[in-house]
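Here the sequence shown is numbered in the numbering used here, starting from 9 and rising by one per residue. Don't be surprised by glycine CBs; every beta carbon is placed ideally from N, CA and C. Note that the structure is a prediction, hence the values are computed from the model and not measured. I have placed the structure first, in the form of structure tokens, so that the comments after it can refer back to it.
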Amino acid sequence: LNDIELTDLRQQFPVLSQQVNDHPLIYLDNAATSQKPLCVLEAINTYYRDINANVHRASHALSAQATSAYENARDICAQFINANSSKEIIWTRGTTEAINLIANCLTTSIQAGDEIIISTLEHHANIVPWQMLAQRTGAILKVIPLLPSTDIDIQAYKQLLSDKTKLVAVSHVSNAIGTVNPIEEIITLAKQTGAKVLIDGAQAIAHWQVDVQALGCDFYVFSGHKMYGPTGIGVLWGKEEALNQLPPWQGGGEMIKTVSFAQTTYNELPFKFEAGTPNIAGAISLARAMTFLTSYDRQVLAAHEAELLAYTTAQLENMPRIKIIGAPHHRAGGVSFIMDDAHNSDVGMLLDLQGIAVRTGHHCAQPLMQSLNLSGTIRVSLAIYNTKAEIDFFIKALNELQDLL
Ligand code: PMP
Numbered sequence: 009l010n011d012i013e014l015t016d017l018r019q020q021f022p023v024l025s026q027q028v029n030d031h032p033l034i035y036l037d038n039a040a041t042s043q044k045p046l047c048v049l050e051a052i053n054t055y056y057r058d059i060n061a062n063v064h065r066a067s068h069a070l071s072a073q074a075t076s077a078y079e080n081a082r083d084i085c086a087q088f089i090n091a092n093s094s095k096e097i098i099w100t101r102g103t104t105e106a107i108n109l110i111a112n113c114l115t116t117s118i119q120a121g122d123e124i125i126i127s128t129l130e131h132h133a134n135i136v137p138w139q140m141l142a143q144r145t146g147a148i149l150k151v152i153p154l155l156p157s158t159d160i161d162i163q164a165y166k167q168l169l170s171d172k173t174k175l176v177a178v179s180h181v182s183n184a185i186g187t188v189n190p191i192e193e194i195i196t197l198a199k200q201t202g203a204k205v206l207i208d209g210a211q212a213i214a215h216w217q218v219d220v221q222a223l224g225c226d227f228y229v230f231s232g233h234k235m236y237g238p239t240g241i242g243v244l245w246g247k248e249e250a251l252n253q254l255p256p257w258q259g260g261g262e263m264i265k266t267v268s269f270a271q272t273t274y275n276e277l278p279f280k281f282e283a284g285t286p287n288i289a290g291a292i293s294l295a296r297a298m299t300f301l302t303s304y305d306r307q308v309l310a311a312h313e314a315e316l317l318a319y320t321t322a323q324l325e326n327m328p329r330i331k332i333i334g335a336p337h338h339r340a341g342g343v344s345f346i347m348d349d350a351h352n353s354d355v356g357m358l359l360d361l362q363g364i365a366v367r368t369g370h371h372c373a374q375p376l377m378q379s380l381n382l383s384g385t386i387r388v389s390l391a392i393y394n395t396k397a398e399i400d401f402f403i404k405a406l407n408e409l410q411d412l413l
């Protein structure tokens with residue numbers, strides 16, 4: 009991205025032009041949630057102003073318009089991740105709900121003694137639903153350990169895999185330390201044992217083009233709000249065959265074909281998994297975020313982020329009291345670090361006084377922090393609209409802080 013393109017891109021994010029604590033906002037908490045471009049805000053507004061109606065129900069014109077926009081959004085999403093069919097796109101509230109959906113649907117097919125494998129690097133959303141499933145069914149949760157480099161230990165993973173493994177659930181990118189996990193290898197190995205694979209793509213989807221068919225997993229899940237869309241909407245993609253094998257989760261309208269007190273039959277994909285009135289504006293405006301992203305050359309956006317990340321990392325490495333946490337290579341979206349003899353929360357608070365938004369704490373990955381022997385980290389996470397000048401200001405502020413703390 010050249011300077012003109014970057015300036016133009018930033019102008020599409022109105023939030024970025026505000027002052028925080030008398031400083032221009034420098035938003036480096038994109039892994040928590042990204043900001044929204046005008047086209048997404050307008051899509052939400054237009055939907056409620058001009059076409060609000062319930063979908064798939066009525067015979068009237070507005071409802072037909074809402075249905076067509078909602079289903080068109082599903083088509084856009086299918087294209088965005090190269091799904092084989094729009095039937096494979098299930099709208100959810102986000103990554104968390106998508107994982108809970110699968111975990112709940114597996115209740116009847118997982119048996120006592122079956123094994124589920126996750127990694128040490130997971131977000132709580134990719135831990136707790138599996139623990140709950142294990143409690144319900146008597147299945148056993150196995151955790152892939154990390155190497156001293158903090159990379160996933162593939163040899164240990166190979167030893168955990170067996171014909172008892174029913175599901176492997178791993179993140180594409182760690183939200184806490186930014187590691188890009190070798191999911192292609194993880195998927196290939198799981199497939200050799202016949203296990204199903206779910207990939208938590210919450211931290212990958214905004215950073216490069218994901219091709220679910222090329223990956224070969226069974227389920228890929230992500231949240232809209234981390235990829236310039238609104239909160240309250242996310243995606244469960246599943247292979248048609250894998251989704252068809254599952255019973256529905258929530259019951260209600262939309263997910264049924266026929267209901268009588270004696271017997272209910274269920275709707276087809278994708279509606280079988282979408283009980284109740286959906287987040288119509290959410291789906292439409294998330295699809296708008298997708299067309300916003302694909303209106304750019306995504307490789308150019310990815311290169312911009314990679315360059316910024318390398319620049320940030322190099323600056324941090326030069327600071328004597330800073331220790332970067334996590335694998336030195338294969339990192340995307342951000343970097344986590346600690347400052348010797350300083351509390352993470354003090355660093356976060358003092359940066360905020362200069363308008364710089366970072367995240368401190370355990371990043372919803374307490375088991376990872378325990379394994380690294382840390383109470384938490386300071387995380388700087390990037391988006392397409394961040395600039396080198398912002399990183400320079402952040403590094404300068406951090407340098408000044410070192411003398412204070
Ligand atoms: N997994 C990962 C890797 C995440 O980063 C997050 C959000 N921090 C989640 C799952 C949960 O996403 P959500 O809160 O949007 O459901």
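Option nearest residue i by Cα separation, candidates the options
i	options	result
Ala391	Ala314, Leu358 and Ala120	Ala314
His31	Arg387, Thr385 and Gly363	Gly363
Met347	Pro45, Gln323, Pro375 and Thr385	Thr385
Gln221	Asn90, His370 and Leu409	Asn90
Ser127	Leu141, Ser93, Gly121 and Ser182	Ser182
Leu129	Leu406, Glu408, Lys396 and Gln374	Gln374
Ala295	Ala51, Gln19, Ile59 and Ser25	Ala51
Ala361	Gln323, Leu406, Phe345 and Gly342	For the sequence presented, residue 361 should be read as Leu rather than Ala. Among Gln323, Leu406, Phe345 and Gly342, the Cα nearest to that of Leu361 belongs to Leu406.
Gln19	Ala39, Asn38 and Lys44	Lys44
Ile152	Ser389, Ser379 and Ile185	Ser379
Thr104	Leu316, Leu46, Gly240 and Ile403	Gly240
Thr15	Lys404, Leu409 and Asn394	Asn394
Lys199	Lys166, Gln211, Asn189 and His180	Lys166
Pairwise C-alpha distance: residue j and residue i
i	j	result
Ile332	Ala81	40 Å
Asn10	Arg306	14 Å
Leu197	Leu168	11 Å
Ile125	Gln217	26 Å
Gly242	Phe230	6 Å
Ala297	Gly121	43 Å
Trp99	Leu412	48 Å
Asn29	Asp354	16 Å
Asn134	Ala177	7 Å
Met327	Gly369	21 Å
Ser257	Phe21	The displayed chain sequence assigns Trp, not Ser, to residue 257. Roughly 37 Å separates the two Cα atoms.
Ile292	Tyr55	8 Å
His233	Ile288	15 Å
Thr187	Ser76	39 Å
Leu175	Gly260	28 Å
Thr273	Gln139	30 Å
Asn62	Ala74	7 Å
Asn53	Asn60	10 Å
Ile399	Arg144	47 Å
Ser25	Asp159	38 Å
Ile329	Phe402	According to the sequence displayed, residue 329 carries Arg and not Ile. Straight-line Cα distance between these residues: approximately 15 Å.
heavy atom of the ligand PMP below 6 Å from residue i C-beta
i	result
Asn108	no
His338	no
Ser42	no
Thr103	yes
Asn62	no
Asp16	no
Ser293	no
Asn183	yes
His131	yes
Ser389	no
Asp420	Outside the displayed span of the chain (9 to 413) sits residue 420, for which this structure offers no information.
Gln139	no
Ser127	no
Ser416	Not covered by the structure: residue 416. The range shown for the chain is 9 to 413.
Gln374	no
Same chain, Cβ closer than 8 Å to residue i, neighbours up to 5 away in sequence not counted
i	result
Leu223	Ile191, Glu192, Ile195 and Ile207
Gln27	Leu33 and Gly363
Ser94	Glu79, Arg82, Asp83, Cys85, Ala86 and Pro278
Glu262	His64, Asn275, Phe279, Glu282, Ala283, Gly284, Thr285 and Pro286
Thr201	Leu169, Ser170, Asp171 and Thr173
Asp161	Ile152, Pro153, Leu154 and Leu155
Ala203	Ile125, Leu169, Thr173, Lys174, Leu175 and Val176
Nonlocal neighbours in the same chain, by C-beta distance under 6 Å from residue i, ignoring five residues either side
i	result
Cys372	His131 and His132
Tyr228	Ile207, Gly209, Val220 and Trp245
Ile185	Ile333, Gly334 and Ser344
Cβ neighbours of residue i in the same chain (closer than 7 Å, five flanking residues each side left out)
i	result
Pro137	Ile107, Asn108 and Ala111
His312	Leu9 and Ile392
Lys172	Gly121, Asp122 and Glu123
Gly356	Val366, Thr368 and Ile386
Met377	His370, Ser383 and Gly384
Ala66	none
Nearest-angstrom beta carbon gap, residue j and residue i [assumed within contact, 8 Å]
i	j	result
Val23	Gly237	Contact flag wrong, Cβ pair sits at about 14 Å.
Glu96	Lys265	Incorrect: roughly 19 Å between the Cβ atoms, too far for contact.
Met235	Ser117	31 Å between Cβ atoms; not a contact.
Cβ of residue i within 7 Å of any chain B Cβ
i	result
Ala314	Structure shown: chain B not included; a single protein chain is present.
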